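Peer 1: My structure is below; once you've seen it, I'll send some questions.
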Amino acid sequence: MATGGNDKTVKLMKFNPETSNLEGQEMELSVHDGTVRDLCFLEDTSSKSSLLISGGAGGCKIYVTDCATRSPYQALAGHGGHVLSLYNWDGAMFLFGSQDKTVRFWNLRVRGCVNMVNMVTAPGNRGSPVAAVCVDPFGRLLVSGHDDSSCVLYDIRSGRNVQCFKPHSSNIRSIRFSPSAYYLLTGGYDNKLVLTDLQVFYYYYYWDLTLLLPSVVVAHHQDKVISGRWHPAEFSFLSTSADKT
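Under full-length UniProt numbering, the first residue of the sequence shown carries the number 1, and numbering increases by one thereafter.
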């Protein structure tokens, strides 16, 4: 288990899934020079080791840490602003959203950025900071959540923006496809969690996402929503908030 915070550190702890308890002493990693905004685990199939990917403020670098040795062995640079969010899929592939209004695709095998996308949230504008990112289970569709309350759907294969819509009235801080990709769950600074229905556009493995997407508020918090995560198999989710719940 790993956590990152405003103290610029990453805390790494061993978790026992059978007892649901932490074991041993926590390790503190001090590789970042700014707030750690997001992190995730990645399995390196070549070395059969668990890696920790983390990003944040400060020098805007992405750090790769070997969980076995608990030491960083790679730092990736490229973003021109604070790293705000990340997502991993398909083994060595992961992407980062940034204050510089871009999403960058990184491949750990080539140790660098393989694609950069400017997520335009309105015709003629220069976009908005990318606060949340996610890829659908099929690896075809990227969705990003922005500070201007926009969500952008991007077709990875064709390399084009499909649609932009606004399910919230304030900054979006969390975004996730359901396991089936039929629904999109978003959380924002308007204290709401919103469910957007994608299944009406999904027919015989063909996406038609150019039409209006129906959305409904499914939960409220007393303060800003920080994150929302789906259950891996059931139609349910968890959420966290600045209201300390």
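In this text, a Cβ means the ideal position worked out from N, Cα and C, and glycines have one as well.
Since this is a predicted model, take the numbers as computed values, not measurements.
State the beta-bridge partners of S239 as determined by DSSP.
Peer 2: G228
Peer 1: Could you check the C-alpha separation between V26 and A122 for me, to the nearest Å?
Peer 2: According to the sequence shown, residue 26 is Glu rather than Val. Straight-line Cα distance between these residues: approximately 45 angstroms.
Peer 1: Counting Cβ pairs, one atom from each stretch, are 3 or more of them under 8 angstroms apart for the segment 131-140 and the segment 159-169?
Peer 2: no
Peer 1: Across which residues does DSSP place V216 in a beta bridge pair?
Peer 2: L195
Peer 1: Any idea if M1 is buried or exposed, counting beta-carbon neighbours within 10 angstroms, 16 or more meaning buried?
Peer 2: exposed
Peer 1: Can you check whether the CB of S144 is closer than 9 angstroms to the CB of G97?
Peer 2: yes
Peer 1: How would you call M13, buried or exposed, if buried means at least 16 neighbouring beta carbons within 10 angstroms?
Peer 2: exposed
Peer 1: So the candidates are L141, K101 and Y154; which of them puts its Cα closest to the Cα of V130?
Peer 2: K101
Peer 1: Within 10 Å of its beta-carbon, does Q222 have 16 or more other beta-carbons around it, so buried, or fewer, so exposed?
Peer 2: exposed
Peer 1: So, helix, strand or coil for N161, using DSSP?
Peer 2: strand
Peer 1: As a quick exercise: from R109, R104 and G188, pick the residue whose alpha carbon is nearest that of N118.
Peer 2: R104
Peer 1: Quick one: is F237 buried, meaning 16 or more other Cβ sit within 10 Å of its Cβ, or exposed?
Peer 2: Answer is buried; the Cβ neighbour count reaches 16.
Peer 1: In chain order, what residues of the same chain lie with their CB nearer than 6 angstroms to the CB of L42, ignoring the 5 residues before and after it?
Peer 2: L51, I53 and N88
Peer 1: If you compare alpha carbons, which of L193, P232, W230 and S241 is closest to V218?
Peer 2: L193
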